[in-house]
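Trainee:
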Amino acid sequence: MGRFLLKRLANYLVLVIVATTLAYFVASLVLNPRSAYEGRNPPPPAAVVDQQLTAYGVNDKDPLLGRYADWIGGVVLHGDFGKTVRGADINDQLGSRALVSLRLLVLGSILGAVFGVLAGVVSAIKKYRPTDRLITGYAFFFIATPVFFTAVLLKYGALSVNQAAGSTLLYYTGYETPGLQAGFFGHLTDQIGHLILPTLSIALGQIAFFSRYQRNAMLDVMNSDFLRTAEAKGLTRRKALYKHGLRTALIPMATLLAYSFGTLAVGATFTEKIFGWHGMGEWVVDSITSNDINVVATVTLFTAIFILISGFLSDVIYAVLDPRVRV
Amino acid sequence: MSSLPADPLVVADDAAISGDDGQKPPSAVVVRGRGSLVLRRFRRNKGAMVALVILALLFASAFLGPKLYEMITGWTYSDQDYTAFLSPPSGDHWFGTTQIGQDVFSRTMRGLQKSLLIGLLVALISTGLAAVVGACAGYFGGWVDRTLMWLVDLLLVIPSFLIVAIISPAFRDAGWIVLVLLIAVFAWMITARIIRGMTLSLKEREFVLAAKFSGVSSAGIIFRHLIPNMSSLLIIDATIAVASAIIAESGLSYFGFGIQSPDVSLGNLIAEGTRSAFTYPWLFMFSGGLLVATTLAVSVIGDALRDALDPSSSRAGSTK
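Protein sequence lines correspond, in order, to chains G and E. When the first sequence is numbered by our numbering, its final residue is 327 and no position is left out of the sequence of numbers. When the second sequence is numbered by our numbering, its final residue is 1320 and no position is left out of the sequence of numbers.
(1) Say whether chain E places a C-beta atom closer than 9 Å to the C-beta of residue 196 of chain G.
(2) Got a sec: is the Cβ-Cβ distance from residue 1169 of chain E to anything in chain G below 9 Å?
(3) Using three-state DSSP, classify residue 1021 of chain E as helix, strand or coil.
(4) Taking 9 Å as the threshold (C-beta atoms), are residue 1297 of chain E and residue 1054 of chain E in contact?
(5) Would you mind telling me which residues of chain G sit closer than 8 Å to residue 1163 of chain E, beta carbon to beta carbon, in chain order?
(6) For the alpha helix (DSSP H) that contains residue 1054 of chain E, what are its first and last residues?
(7) Residues of chain G with CB closer than 9 Å to the CB of residue 1292 of chain E, please, in chain order.
(8) In the region 1208-1240 of chain E, which residues sit with their C-beta less than 8 Å from some C-beta in chain G, listed in chain order?
(9) State the Cα-Cα distance for the pair residue 1021 of chain E and residue 1041 of chain E, rounded to the nearest angstrom.
(10) In its own chain, which residues sit with a C-beta less than 8 Å from the C-beta of residue 5 of chain G, not counting the 5 before and 5 after it?
(11) What residues from chain E crowd round residue 274 of chain G, counting only those whose CB sits closer than 9 Å?
(12) Could you pull the start and end residues of the alpha helix (DSSP H) that residue 124 of chain G belongs to?
(13) One question on the structure: do residue 1193 of chain E and residue 1260 of chain E come within less than 9 Å of each other, judged by their Cβ atoms?
(14) Do you know how far the Cα of residue 171 of chain G is from the Cα of residue 190 of chain G?
(15) For residue 1187 of chain E, count neighbouring Cβ atoms within 10 angstroms of its own Cβ and tell me buried if that reaches 16, exposed if not.
(16) Please find out if some non-hydrogen atom of the ligand ATP comes closer than 8 Å to the beta-carbon of residue 140 of chain G.
(17) Look up residue 1103 of chain E in the DSSP assignment and give the residues it is bridged to.
(18) What three-state label does DSSP hand residue 1080 of chain E in the structure shown?
(19) Can you check which of these residues, E/1160, E/1122 and E/1200, is closest to residue 1177 of chain E by C-alpha distance?
(20) List the residues of chain G whose Cβ lies closer than 7 Å to the Cβ of residue 1324 of chain E, in chain order.
(21) Residue range of the alpha helix (DSSP H) that residue 294 of chain G falls in?
(22) When DSSP labels each residue in this structure, what does residue 7 of chain G get in the three-state scheme?
(23) Are residue 108 of chain G and residue 199 of chain G closer than 9 Å when you measure CB to CB?
(24) How long is the line joining the alpha carbons of residue 1303 of chain E and residue 1294 of chain E, rounded to whole angstroms?
(25) Quick one: does residue 152 of chain G have its CB under 9 Å from some CB of chain E?
(26) So with Cβ pairs under 9 Å, would you call residue 1277 of chain E a contact of chain G?
(27) So, do the region 20-37 of chain G and the region 66-80 of chain G have three or more beta carbon pairs nearer to each other than 8 Å?
(28) For the alpha helix (DSSP H) containing residue 1291 of chain E, list its first residue and its last residue.
(29) Spell out whether any CB of chain G is found under 9 Å from the CB atom of residue 1066 of chain E.
(30) Do the CB positions of residue 1250 of chain E and residue 1291 of chain E come within less than 9 Å of each other?
(31) Buried or exposed: residue 41 of chain G, going by 16 or more other Cβ atoms within 10 Å of its Cβ?
(32) On the DSSP bridge list, what partners appear for residue 61 of chain G?
(33) Would you grab the beta carbon distance between residue 1101 of chain E and residue 1088 of chain E for me? Rounded to a whole angstrom, and I think it's under 8 Å.
(34) Can you tell me which residues form a DSSP beta bridge with residue 1203 of chain E?
(35) Quick one: is residue 1310 of chain E near chain G, going by C-beta distance under 9 Å?
(36) Alpha carbon to alpha carbon, how far is residue 1145 of chain E from residue 1137 of chain E?
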């Protein structure tokens, strides 16, 4: 098991490096940090602009490989992610933004996976009954609906909930109420109130996605011989399903989990933008618009590491569920 | 297949599908080809038929709607009505107007048209690419296989949304075709892997070996024997690809990295409408609703096709 996991870890590390390098090169070739200085009036002298850009490590006149080596060297050796195109330190914002995003991503993926699997199992067991039809309808709707539409619908819902309750229970902008003085528990409830809608907007789609796959996997297992054998030797249907069936049906889901984090990260970008959360997703969208190469590369690295950790986790789940990979 | 008189599977399926449960005398059993069988299974799926009608209506309104609308009300997607700013839906402006007096109906239809076109083109390109790459990798094996699969792995790793978002604004002058190509380039890999796996088992079958030993070229085998035999998977995959391409495109356009103004797609329209979704819902709801209707209809059809084309599907006759 250890060797299997080590091999997977090495594989993921290579992927992280490839993804980050590629993002850095593509961003450097396409984005034009010079444009930040072009609109200034009076126009700064060309030499000054060049010097500034070189200092930030984004001058397109310097050799690309050298710039990349500087940036990646700084990241690996000193944990220094470089400067933004306006000269601010990326490290200053990185921590708070990463925390904001992680809160969404982790909650969204856990809720999505757990409830998605549950919904899928129920759907498979109650095949073609009203419960199954309801879950299938839900899944189809949310798979077909992009996050930015779901999010606005949720805002609508929150608005009417708040009106019905007469006070603001669900917040739909930002991550906490600014300048709130309410002690520890006040802050906690405030942050939870802010967290509900953005998390829902991510989790609803994830649940839909997982439930479809889990339903198919479970249906495949339910027709298999080993379940009939388990029942024949005296287990109840329910016990056979949960002890033997579910465990087998969960194996393909572990792989799916790793695949789904990419879409999750993209979905979180919309959520952050719509709910006004200053996280990584919002940062990368803004930095593409403002031609900020280092930020694009930093966010890619962050996302790649998030996918690495979760992919590794899904491998661990895989190894736990499927004894064959442990040998 | 229809020339074989008594394929037991076909006969059994026919009996299961027809309401009489094989009560007819055996001589009356009609042996059907696979094509008509699939069609019958598909037609029995009510949800799929509804989705098909909705999709046909969407296509009709996207491509004919603007012309008819111009004849009736006289507005096109680039006109501005200086007498009506932000007016709610009415007889003159069916879906209302925007802040600068643009007609929401004609803009939405224009956007829908673009989204549908992009979805179809991306599906065509990405499924075609997946079929060719997967079949070549599986059929030739060796270094061709290794190189192509390495490419697949590499493209799977790349954060595609980010890369397309960075590259596509640089090509804003080249128009939306570049966007189609960019989305398609990142959409074919998983299908290619499945196709490769299927090719590996297909290429050992008698009909492929027979073709090979009677001197058919490799290209002939791939395009005339291998790919047609995987057509059901390809059809299903292309359908799903339409829906995901439409969602990907609208996502990019939502952030301003996709279709660039003055051209519109549903993504742009939704992005413009989001800010005033509560105060002026007609700016948001029509484009958003049409987007969801389109992707929903396409994925229901894809699911029904999967059921209809799958020979082992137990659902064939069970949907009443």
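Yeah, the Cβ is synthetic: ideal placement off N, Cα and C, and Gly gets one too.
Mentor: In terms of the structure at hand:
(1) Answer no: the Cβ-Cβ gap between residue 196 of chain G and chain E never drops below 9 Å.
(2) The C-beta of residue 1169 of chain E comes closer than 9 Å to at least one C-beta of chain G.
(3) Confidence at residue 1021 of chain E is low in this model, with a pLDDT of 48, below 50, so its placement is unreliable and the value that follows should be read with caution. Residue 1021 of chain E carries a coil assignment under DSSP once its states are collapsed to helix, strand and coil.
(4) The answer is yes: Cβ separation under 9 Å.
(5) The contacting residues are 22, 23 and 26.
(6) Looking at the DSSP string, the run of the alpha helix (DSSP H) that includes residue 1054 of chain E is 1046-1063.
(7) Correct list: 141, 144, 145, 146 and 149.
(8) Result list empty, no residue passes.
(9) At residue 1021 of chain E the pLDDT is 48, less than 50, meaning the model places this residue with poor confidence; the figure from the coordinates comes in the next sentence. Distance from the CA of residue 1021 of chain E to the CA of residue 1041 of chain E, rounded to the nearest whole angstrom, comes to 16 Å.
(10) Excluding sequence neighbours, residue 5 of chain G sits near 312, 315, 316 and 319.
(11) Within chain E, the residues near residue 274 of chain G are 1274.
(12) Boundaries of the alpha helix (DSSP H) harbouring residue 124 of chain G: 90-125, taken from the DSSP string.
(13) Not closer than 9 Å, so no.
(14) Rounded to whole angstroms, residue 190 of chain G to residue 171 of chain G spans 9 Å at the Cα level.
(15) When all chains shown are included, residue 1187 of chain E counts as buried.
(16) Looking at this structure, you won't find the ligand ATP or any other ligand, since it has none at all.
(17) Beta-bridge pairing links residue 1103 of chain E to E/1097.
(18) Strand at residue 1080 of chain E.
(19) Selection E/1160, E/1122 and E/1200 evaluated against residue 1177 of chain E yields E/1122 as nearest (Cα-Cα).
(20) The displayed coordinates of chain E run from 1001 to 1320. Any statement about residue 1324 of chain E would go beyond what the structure contains.
(21) From DSSP, the alpha helix (DSSP H) with residue 294 of chain G extends over 293-321.
(22) DSSP places residue 7 of chain G in helix when its eight states are reduced to three.
(23) Going by beta carbons, residue 108 of chain G and residue 199 of chain G fall inside the 9 Å limit.
(24) Straight through space, the alpha carbons of residue 1294 of chain E and residue 1303 of chain E are spaced by roughly 14 Å.
(25) Between residue 152 of chain G and chain E, the shortest Cβ-Cβ separation is below 9 Å.
(26) Closer than 9 Å to some Cβ of chain G, the Cβ of residue 1277 of chain E qualifies, so yes.
(27) Contact holds between the region 20-37 of chain G and the region 66-80 of chain G, because three or more Cβ pairs, one in each stretch, are under 8 Å apart.
(28) Run containing residue 1291 of chain E: 1282-1309, per the alpha helix (DSSP H) assignment.
(29) No, no contact with chain G.
(30) Taking 9 Å as the Cβ cut-off, residue 1250 of chain E and residue 1291 of chain E qualify as a contacting pair.
(31) The residue in question, residue 41 of chain G, is exposed, as its Cβ has fewer than 16 Cβ neighbours within 10 Å.
(32) Under DSSP, no beta-bridge partner is assigned to residue 61 of chain G.
(33) Going by Cβ atoms, the distance from residue 1101 of chain E to residue 1088 of chain E rounds to 13 Å, so no, they are not a contact pair.
(34) In the DSSP output, where bridge partners are listed per residue, residue 1203 of chain E has none listed.
(35) Taking Cβ atoms only, chain G never reaches closer than 9 Å to residue 1310 of chain E, which makes this a no.
(36) The C-alpha of residue 1137 of chain E is placed about 4 Å away from the C-alpha of residue 1145 of chain E.
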